[in-house]
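Novice: One structure, as structure tokens, below. Some questions next.
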Amino acid sequence: MTDHWVSLFSGGKDSSWALYRALEEGLNVSRLLTVHPAGDSYMYHTPATHLAELAAESVGIDLVEVEPDDFGADDVDDAGAQGDAELEPMEVALRELAATDGFGLAGVTAGAVESEFQTSRIRAMCDRLGIDLFAPLWGKDPVALAEAMFEAGFEIRIVQVAAYGLDESWLGRRYDADALDELLDLREEYGVHPLGEGGEFETFVVGGPHMNRRIDLSYRTVWEGDRGHVEVTDAELV
Numbered sequence: 001m002t003d004h005w006v007s008l009f010s011g012g013k014d015s016s017w018a019l020y021r022a023l024e025e026g027l028n029v030s031r032l033l034t035v036h037p038a039g040d041s042y043m044y045h046t047p048a049t050h051l052a053e054l055a056a057e058s059v060g061i062d063l064v065e066v067e068p069d070d071f072g073a074d075d076v077d078d079a080g081a082q083g084d085a086e087l088e089p090m091e092v093a094l095r096e097l098a099a100t101d102g103f104g105l106a107g108v109t110a111g112a113v114e115s116e117f118q119t120s121r122i123r124a125m126c127d128r129l130g131i132d133l134f135a136p137l138w139g140k141d142p143v144a145l146a147e148a149m150f151e152a153g154f155e156i157r158i159v160q161v162a163a164y165g166l167d168e169s170w171l172g173r174r175y176d177a178d179a180l181d182e183l184l185d186l187r188e189e190y191g192v193h194p195l196g197e198g199g200e201f202e203t204f205v206v207g208g209p210h211m212n213r214r215i216d217l218s219y220r221t222v223w224e225g226d227r228g229h230v231e232v233t234d235a236e237l238v
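Just so you know, the UniProt record's numbering puts 68 at position 68 of the sequence shown, and the rest follows in order with no gaps.
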């Protein structure tokens with residue numbers, strides 16, 4: 001039985017970096033797993049997850065998708081309880097994979113950087129499943145992580161912002177060294193996390209060394225006064 005790894009994957013920079021590092025380490029990542037939250041989520045990256053299918057095609061790894069209808073956490077008021085409830089469909093999907101003949105689930109990759117809320121729940125899930133967790137971003141310096149992504153050739157786009165200092169001009173912008181310099185200034189002024197770990201911004205990776213083809217996006221921006229997102233109108237592999 002071959003040991004298989006599953007990469008918890010949204011298409012954003014952090015989960016993509018975890019996948020990239022796992023492949024660099026020689027882990028046999030044979031599935032990507034994307035959860036599509038119906039709305040705001042404590043556990044998951046929410047914008048543009050519908051693009052994960054294109055990203056998976058470019059990466060060349062089969063995608064397993066968990067749809068919003070599988071959630072059942074809408075009526076939970078307590079954050080911790082909702083986080084637990086949101087994790088359930090992911091765990092169910094992993095159990096189903098582990099039960100597949102010849103699969104041999106060895107572990108999952110995760111892109112958590114500082115969120116103990118998320119990471120503690122994923123660790124506990126791995127313990128219940130008897131599998132390993134590969135979390136290469138956990139506890140690392142965020143600036144060094146960003147610079148490593150740039151150096152590796154990741155092309156990252158900002159697809160959502162929600163923080164003081166981040167206006168509509170950031171939507172669709174490339175997250176690169178220049179953007180990082182500005183974010184470090186905003187960290188001094190407003191406390192913006194340079195990786196967006198506090199939800200200040202969300203990203204999508206359109207190109208990188210782990211991808212066979214780049215993703216070309218067409219979009220419009222939606223601005224809501226103090227926050228906004230890109231609404232993708234077309235996406236294709238080029």
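Ideal placement from N, C-alpha and C gives every residue a C-beta, glycine not left out.
Mapping the DSSP letters down to three states, classify A56 as helix, strand or coil.
Specialist: Here A56 sits in helix by DSSP.
Novice: Between which residues of its own chain and residue 240 is the CB-CB distance below 7 Å, once the five residues before and five after are set aside?
Specialist: No statement about residue 240 is possible, as the shown extent of the chain runs from 1 to 238 and does not include it.
Novice: Given 8 Å as the limit, is there contact between the segment 208-215 and the segment 54-64, that is, 3 or more CB pairs closer than that?
Specialist: Yes, since at least three Cβ pairs between the segment 208-215 and the segment 54-64 fall closer than 8 Å, the two stretches touch.
Novice: If I'm right that G165 touches E189 with Cβ under 8 Å, what's the distance once you round it to whole angstroms?
Specialist: With 8 Å as the limit, G165 and E189 qualify as a contact, their Cβ atoms being about 6 Å apart.
Novice: Look up I131 in the DSSP assignment and say whether it is helix, strand or coil.
Specialist: I131 falls in the coil class under three-state DSSP.
Novice: Using CA atoms only, rank isn't needed, just tell me which of G102, V66, D101 is closest to E86.
Specialist: Nearest C-alpha to E86: V66.
Novice: For A177, count the other beta carbons within 10 Å of its own beta carbon; 16 or more makes it buried, fewer makes it exposed. Which is it?
Specialist: By the neighbour-count rule (16 or more Cβ atoms within 10 Å), A177 is not buried but exposed.
Novice: Helix, strand or coil for S15, going by three-state DSSP, please let me know.
Specialist: Note: S15 maps to helix in three-state DSSP.
Novice: Short of 7 Å in beta carbon distance, which residues of its chain neighbour P194, apart from the five on each side in sequence? Order them along the chain.
Specialist: The answer, listed in chain order, is P142, V143, A146, L180, L183, L184, R187.
Novice: Taking 8 Å as the cut-off, decide whether the C-beta atoms of A55 and I215 are in contact.
Specialist: Result yes, Cβ atoms of A55 and I215 sit closer than 8 Å.
Novice: On the criterion of 16 or more Cβ atoms from any shown chain inside 10 Å, does T34 qualify as buried, or is it exposed?
Specialist: Label assigned to T34: buried.
Novice: For G139, which option in S115, E151, R21 has the closest C-alpha, if you only look at C-alpha atoms?
Specialist: Per the Cα distances, S115.
Novice: So is S169 buried or exposed if we call it buried at 16+ other beta carbons inside 10 Å?
Specialist: Exposed: under 16 other Cβ atoms inside 10 Å.
Novice: Would you say the beta carbon of A22 is closer than 7 Å to some non-hydrogen atom of the ligand HEM?
Specialist: Among the components of this structure there are no ligands whatsoever, and the ligand HEM is therefore not found.
Novice: Measuring alpha carbon to alpha carbon, tell me which of A99, V113, E236 ends up nearest S218.
Specialist: Selected option, being the one with the closest Cα: E236.
Novice: What separation, rounded to the nearest whole angstrom, lies between the Cα atoms of I122 and E96?
Specialist: Computed Cα separation, rounded: 17 Å.
Novice: For V238 and G207, what's the separation of their Cα atoms in angstroms?
Specialist: Distance between the alpha carbons of V238 and G207: 10 Å.
Novice: In terms of residues, what are the limits of the beta strand (DSSP E) holding L51?
Specialist: Where L51 is concerned, there is no enclosing beta strand (DSSP E), given that its DSSP letter is neither H nor E.
Novice: Per DSSP, what kind of secondary structure is V170 in: helix, strand or coil?
Specialist: The sequence shown places Trp at residue 170, not Val. Helix, per DSSP.
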